[in-house]
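Numbering (full-length UniProt numbering), first residue to last: 1 to 247.
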């Protein structure tokens, strides 16, 4: 009798395990690892923008399905971020054939960064994502290029960043990296190259994947933790979400 109950339980568990796996979107099995929950996977299947506040590089859900994806994951891991967030959307390739062409000018519209509405949780009001944005140097061609930009990000003041973008074929890769330190008052809270964000858009099977991730390697001290997380990570999430919603 006990053996029969055990057998029935095994069959029941196996059936529903297979059913649950089959119910997940096809793309999730290869594109994303087990860090992505079933609920998150379903959200992507619905075409929604998924925002994940993941904290550490080990919690990244993207698999190295392309050479560029592997490069991205490697660089995020090397950053050793104390604060990290992913912003993801998966769209059908059909009907979105020009998506990558639309994405490039949005990412290179540096002056447009200023007008992006950013919600300050601390002050409970909207601000501009950046108070100002000025191109210091630009070398951009049809296939991408690089820029050096001064951004003013309150309450941290002016930050100099390098922006690199490559576009070709069925993918686009964008990277922003600070080249100057970031200060709060008289304290340097982020050293050069320790604040980075990426946008990687690529075709995969019958889908277009929009993947944004940004992180900061900064001290996790009690009197700065909330300020850094809300100011930096929320800006990364706001930027990626704004760009994706324009698609």
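Glycine residues also receive a C-beta, built at the ideal position from the N, C-alpha and C atoms. Please read all numbers here as calculations on a predicted model, not as lab measurements.
What first and last residue would you give for the beta strand (DSSP E) that runs through residue 124? According to the DSSP assignment, residue 124 belongs to no beta strand (DSSP E), since it is labelled neither H nor E.
Integer Cβ distance of residue 146 from residue 167, believed to fall under 8 Å: With a contact defined as Cβ atoms closer than 8 Å, residue 146 and residue 167 miss out at about 13 Å.
At least 3 beta-carbon pairs within less than 8 Å: the region 68-84 vs the region 97-105: These segments do not touch.
According to DSSP, is residue 40 helix, strand or coil? Residue state, collapsed to three classes: helix.
Between the CA atoms of residue 131 and residue 40 - distance to the nearest angstrom: Approximately 33 Å, taken between the alpha carbons.
Is it the case that the Cβ atoms of residue 53 and residue 85 are separated by a distance below 7 Å? In this structure, residue 53 lies near residue 85, with their beta-carbon atoms less than 7 Å apart.
Residue 131: CB within 6 Å of a non-hydrogen atom of the ligand MN: As far as ligands go, the structure on display features none, and thus does not contain the ligand MN.
Measure the alpha-carbon distance for residue 66 versus residue 73 and round it to whole angstroms. Here the C-alpha atom of residue 66 lies approximately 11 Å from the C-alpha atom of residue 73.
By the DSSP assignment, the beta strand (DSSP E) with residue 175 in it spans what residues? Looking at the DSSP string, the run of the beta strand (DSSP E) that includes residue 175 is 171-178.
In DSSP terms, what residue 164 is bridged to: In the DSSP assignment, the residues bridged to residue 164 are 146 and 175.
Quick one: what's residue 198 bridged to in DSSP? Partner(s): 175 and 213.
Does DSSP put residue 54 in a helix, in a strand, or in coil? In the structure shown, residue 54 adopts coil according to DSSP, grouped into three states.
If contacts are defined as beta-carbon pairs under 8 Å, then residue 244 and residue 89 qualify, I think. What distance do you get, rounded to the angstrom? That pair is a contact at about 5 Å.
Report, in whole angstroms, the separation of the C-beta atoms of residue 198 and residue 213, which I expect to be a contact under 8 Å. About 5 Å; that satisfies the 8 Å criterion.
Whole-angstrom distance between residue 69 and residue 31, CA atom to CA atom: Roughly 10 Å separates the two Cα atoms.
Residue 86 - partner residues in DSSP beta bridges: 52 and 213, per the DSSP bridge assignment.
Rounded to whole angstroms, what is the Cα-Cα separation between residue 82 and residue 71? Separation of residue 82 and residue 71 (C-alpha to C-alpha, rounded to the nearest whole angstrom) is 20 Å.
Can you tell me which of 128, 113 and 183 puts its alpha carbon nearest to the alpha carbon of residue 120? That would be 128, whose Cα lies nearest to the Cα of residue 120.
Closest by CA to residue 177, which one among 159, 60 and 187? Just measuring C-alpha positions, the residue of 159, 60 and 187 sitting nearest residue 177 is 159.
If you draw a straight line from the C-alpha of residue 93 to the C-alpha of residue 208, how long is it? Rounded to the nearest angstrom, the two C-alpha atoms are 5 Å apart.
Could you tell me which of 115, 161, 116 and 155 sits nearest to residue 136, measuring between CA atoms? Taking only the C-alpha atoms, the option nearest residue 136 is 161.
Would you kindly work out how many angstroms separate the C-alpha atoms of residue 242 and residue 187, rounded to a whole number? Put simply, the backbone Cα of residue 242 is about 31 Å away from that of residue 187.
When we look at the beta-carbon of residue 134 and count the other beta-carbons within 10 Å, is it buried (16 or more) or exposed? So residue 134 counts as exposed.
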